[in-house]
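Chains as they are written, first to last, in the working numbering: chain A, 57 to 428; chain B, 5 to 198. The C-beta atom is built at its ideal place from N, Cα and C for all residues, glycine as well.
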Amino acid sequence: MSQERFWILLTRKIAGEASPEDLTEFEQLMQQHPEWQFASQNLEDIWNAKPPVDLTEEEDAYMLHLHRLQEKNIPFGRPIEPEEEAAVFELSATASRKRLRWLVAGLTVAASLAAVLFFNPFSGKTDAAQAKQLANVNEISTRLGSKTRIQLPDGSIVWLNAGSKLTYDKEYNQDDRQVTLTGEGFFDVIKDPAKPFLVHTSTVEVRVLGTVFNVKAYPEDKTTETSLIRGSLEVSIKSRPLDKIILASNEKLVVENKKDTAKTAWKADDEMDPPLMTLNQLKRNSRDSSINEMQWTENKLVFDNEPFADIAVKMERWFAVEIEISDWALQQKRLTGTFERESVEQALEGLAYASTTPFIFKRSGNKIIIHR
Amino acid sequence: MKDVLHIKWLLEQVALQQSEEAYKKLFLLLHKPLCQFAFGILKSNDHAQEVVSDVFIHIWEHKTKLPAIESPLIYLYKAVKNRALNSIAKERRQQALDAGEWLVPMPSVYFDPEKLMMTEELMQKLQQAVEDLPGRCRLIFKLIKDDGLKYKEVAELLQISVKTVEAQMTIAMRRLGKCMQMEVSSFNVRISKK
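See the structure below:
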């Protein structure tokens, strides 16, 4: 094999232009010519080495650019709705920062967007409305250990947390906007009073006009949580469709995931018997006024004084591992922590360090066993 | 290499949220490479900055159309190229040059000496090798290595074939590789003498 071919393949590989066949061919060549290893590795390193970033000049250029925009009388910036001025500002600032970090961190999206066509063999006879409804369903799902962001046809944005699924049909955005959620989603819904936005989950139904909110509805969890960041929102519980609960900004509704519960009880105190519902204020982090319920969209895994058993469930989804806590007292142990780039081992080490009840863990393959 | 997904994301933020912050990030990320590219055509720094600023103004004014852009990098480079060529034609200062004559500032062949374990001598050799590349070859090398364009996009931008882009890239890489190959053998010789 010629040297020329080698150089073409190496260049393709380094420039990210190589096909799988190219890569196989390249590997074979490398085995025949181990003496090329050093140069090829160094070229790759040179290619990937990035100079330290100094934005001083670009910042200056941006100032000049803004000045030119002004001179040309071009309106710049987001038009602010007077009633929401403060809130909008805060949100847009934190939101774009967070989105950026998410991407920079090298977002591993494992979302499959599937438009499923159902062909009805009895199309001639079936109810037209139903056939229409089934005609085109979009389904977006995330594997364990990954997250994704979706833009819906009306421009509304949804972040899907690990192990979640969102579906909507082609009727979406005609008379209203309906989606079905399993798992956790953070919604930034574009305001359209004419077309209400509805989220269906197995336990609750959330109805909004245009707001920012988070819904956590994993079927395996004990509760379904709806947290409202901004705007207003209406929740109805599947088992009691007539009752509507209106949430105000910074409120969180927790509903027990129990089918066929006849008992209705409002309990404000978390420490009493497992409540059917509780309404809480969202806690803001005193340091940066961030809200725990939206931290995951920032690629942060946050535990705030939560039982280790619940934490383990969250970690299982986040890191795509299996966690078993062998000790009952440990399962009940409440822990607090925030993790961003840590591996599951690093996160557990951090928790072990902070915990007043010491524990150790052992990983074998995908399974982690925690004991005292 | 610029992360195309990231750039698309920023454009989307500008389009949907009218995010000033995303707009600024875009500007900071792309201003320099676009200016360098424009400078190659215009041979004037002020002129290049103005063209790039105009392209960014255009982006802001047409922000609703941004999500339709499939390959943002090629879109931006072409916009800069067209504006630069137009401004030359308008001013009738000179006939627009052939792409082969577009000047290119030195690509930033950057070395992290600690990580790469290279001698000063080798670094200078590599630097020299890049400088010695023919004009068009160097332009292609920079657009792909530093600016993150794909072979296909460079071909479209410079109106040449993908094969030509690949050939030029391969030449550039081989020249850099040759520098190191020599270094390897002389290094081995030194060791064996000891």
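Just to check my reading of the structure: residue i and residue j have Cβ atoms closer than 8 Å, yes? What is that Cβ distance to the nearest angstrom?
i: A:R433; j: A:E290; result: No information on residue 433 of chain A is available, as it lies outside the stretch 57 to 428 that chain A covers here.
i: A:S288; j: A:I302; result: 7 Å
i: A:I381; j: A:Q387; result: 5 Å
i: B:P76; j: B:V169; result: Not confirmed; about 19 Å, so no contact.
i: A:W374; j: A:G201; result: 7 Å
Between the C-alpha atoms of residue i and residue j, what's the straight-line distance to the nearest angstrom?
i: A:L309; j: A:G211; result: 26 Å
i: A:S197; j: A:K221; result: 4 Å
i: A:S292; j: A:R397; result: 37 Å
i: B:K167; j: A:I424; result: 51 Å
i: A:A105; j: B:N90; result: 36 Å
i: A:T394; j: A:Q402; result: 12 Å
i: B:M127; j: B:I73; result: 39 Å
i: A:V451; j: A:Y224; result: Not covered by the structure: residue 451 of chain A. The range shown for chain A is 57 to 428.
i: A:L111; j: A:E362; result: 42 Å
i: B:V84; j: A:R61; result: 35 Å
i: A:A184; j: A:K128; result: With a pLDDT of 37 at A:A184, under the threshold of 50, the modelled position of that residue is not reliable, and no figure is offered here.
i: A:L208; j: A:V214; result: 8 Å
i: A:V358; j: B:Q17; result: 26 Å
i: B:Y155; j: B:K149; result: 11 Å
Tell me, please, whether the CB atom of residue i is closer than 8 Å to any CB atom in chain B?
i: A:L111; result: yes
i: A:H89; result: no
i: A:E396; result: no
i: A:E114; result: yes
i: A:E127; result: no
i: A:E73; result: yes
i: A:W103; result: yes
i: A:R124; result: yes
i: A:F242; result: no
i: A:I64; result: yes
i: A:R85; result: Contrary to the premise, residue 85 of chain A reads as Leu rather than Arg in this sequence. No, because no Cβ of chain B sits closer than 8 Å to the Cβ of A:L85.
i: A:T67; result: yes
i: A:I130; result: yes
Please check if any C-beta of chain A sits within less than 8 Å of the C-beta of residue i.
i: B:K146; result: no
i: B:L20; result: yes
i: B:G44; result: no
i: B:Q53; result: yes
i: B:I61; result: yes
i: B:F41; result: no
i: B:H35; result: yes
i: B:Y155; result: yes
i: B:T68; result: no
i: B:G139; result: no
i: B:L180; result: yes
Using CA coordinates, which residue listed in the options is at the minimum distance from residue i?
i: B:I11; options: B:L180, B:L153, B:V158, B:Q163; result: B:L153
i: A:F242; options: A:I347, A:L332, A:K251, A:T334; result: A:I347
i: B:K182; options: A:Q93, A:T279, A:L111, A:A250; result: A:Q93
i: A:G219; options: A:V369, A:A385, A:T67; result: A:V369
i: A:S283; options: A:L298, A:T267, A:D277; result: A:T267
i: A:V311; options: A:I102, A:A304, A:L298, A:K294; result: A:K294
i: A:P297; options: A:T279, A:K278, A:H256; result: A:H256
i: B:Q172; options: B:Q163, B:L137, B:D150, B:Q53; result: B:L137
i: A:R340; options: A:L332, A:M333, A:E307, A:L391; result: A:E307
i: B:E54; options: A:K278, A:H123, A:S96, A:L99; result: A:H123
i: A:T259; options: A:L265, A:K272, A:D78; result: A:K272
Segment contact flag, the region 402-420 of chain A with the region 22-37 of chain B, C-beta cutoff 8 Å, min 3 pairs: no
Cβ pair count under 8 Å reaching 3, the region 18-29 of chain B against the region 127-137 of chain B: no
The region 60-72 of chain B contacting the region 142-150 of chain B, beta-carbon criterion three pairs below 8 Å: no
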